[in-house]
Amino acid sequence: MLRQRFPKSSNFLKVSDEDVQEAVYQLNHRPRKCLGFRTPHEVFHAIEMKPLTLAFGAFCN
Numbered sequence: 002m003l004r005q006r007f008p009k010s011s012n013f014l015k016v017s018d019e020d021v022q023e024a025v026y027q028l029n030h031r032p033r034k035c036l037g038f039r040t041p042h043e044v045f046h047a048i049e050m051k052p053l054t055l056a057f058g059a060f061c062n
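If you want it as structure tokens, here you go:
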């Protein structure tokens, strides 16, 4: 998918940060068949995040 935005002959020294950020945005907002035609952005934000808690001394042996 990146090759659609940046052909093989692209010189990445001449690609701006804004161009890269736009490509990332477009990739993350493009529906995917393997995700049930949802976008990676939609799938990621649908996951319920829970804080990780560790028992005291879990890494102290």
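In this note's numbering, the protein residues as written are 2 to 62.
For each residue, glycine too, the CB sits at the ideal point set by N, CA and C.
| Asked | Found |
| --- | --- |
| Cα separation between residue 20 and residue 31? | 17 Å |
| Starting from residue 44, trace the alpha helix (DSSP H) both ways and give me its first and last residue. | 41-47 |
| For residue 33, which beta-bridge partners are listed by DSSP? | 39 |
| Would you tell me roughly how many angstroms separate the C-alpha atoms of residue 47 and residue 33, rounded to the nearest one? | 15 Å |
| For a quick check, are the C-beta atoms of residue 6 and residue 24 less than 8 Å apart? | yes |
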